Amino acid sequence: MFLRKRGGVFKFTITVPPEYNNVPPVVKCLTRVWHPNITEDGAICLSLLRQNSLDGYGWMPTRRLIDVILGLDSLFTDLIDFDDALNAQAAQQWSTNKVSFRFFKILLKSK
1 MFLRKRGGVF
11 KFTITVPPEY
21 NNVPPVVKCL
31 TRVWHPNITE
41 DGAICLSLLR
51 QNSLDGYGWM
61 PTRRLIDVIL
71 GLDSLFTDLI
81 DFDDALNAQA
91 AQQWSTNKVS
101 FRFFKILLKS
111 K
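Note that full-length UniProt numbering numbers the sequence shown so that position 87 is 87, with each residue one more than the last.
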């Protein structure tokens with residue numbers, strides 16, 4: 001799957017387990033990206049991908065793959081709350097120095 005955002009192309013794999021729709025799909029980011037909710041190895045922090053999410057937005061059998069895609073899209077458009085960030089260094093940089101955060105993202109994208 002690909003998402004295009006401001007000149008960037010982000011690639012993800014979505015693996016649908018045999019137990020789907022009772023369990024969420026497994027999603028991994030294949031593009032190296034500097035983001036508070038994506039680790040360097042591609043793990044993603046997204047509430048709807050968790051079966052037991054603390055915020056009430058976790059996986060439910062009524063969710064569809066389009067919900068996952070829209071959730072991934074929101075990671076790049078709704079930079080609002082990183083209290084539960086997977087990449088603590090990126091979250092810290094976002095909260096203290098957004099100019100540096102954006103520069104590092106551009107630098108990483110150019111590699």
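Glycine residues also receive a C-beta, built at the ideal position from the N, C-alpha and C atoms. The model shown is predicted, which means the values in this text are computed figures rather than measured ones.
Can you name, in chain order, every residue of its own chain whose Cβ lies under 6 Å from the Cβ of residue i, other than the five neighbours on each side?
| i | result |
| --- | --- |
| residue 128 | The shown model of the chain, from 1 to 111, leaves out residue 128, and the question about it has no answer. |
| isoleucine 38 | Cys29, Ile44 |
So, for residue i: in the same chain, excluding its five sequence neighbours on each side, which residues have a beta-carbon less than 7 Å away from its beta-carbon?
| i | result |
| --- | --- |
| leucine 30 | Lys11, Phe12, Thr13, Gly42 |
Could you spell out where the beta strand (DSSP E) holding residue i opens and where it closes?
| i | result |
| --- | --- |
| glycine 8 | 8-15 |
Bridge partners for residue i per DSSP, in chain order?
| i | result |
| --- | --- |
| valine 26 | Thr15 |
| isoleucine 69 | None, per the DSSP bridge assignment. |
At what residues does the alpha helix (DSSP H) containing residue i begin and finish?
| i | result |
| --- | --- |
| glutamine 51 | No alpha helix (DSSP H) holds glutamine 51; DSSP gives it neither H nor E. |
Rank the options by C-alpha distance to the C-alpha of residue i and give the top, closest one.
| i | options | result |
| --- | --- | --- |
| aspartate 84 | Leu46, Val16, Glu19 | Leu46 |
| residue 118 | Phe82, Val99, Pro61, Ala88 | Nothing can be reported for residue 118: it is not among the residues displayed for the chain, which extend from 1 to 111. |
Between which residues of its own chain and residue i is the CB-CB distance below 8 Å, once the five residues before and five after are set aside?
| i | result |
| --- | --- |
| glutamate 40 | Arg32, Asn87 |
| aspartate 55 | Ser47 |
| leucine 65 | Ile14, Val16, Pro25 |
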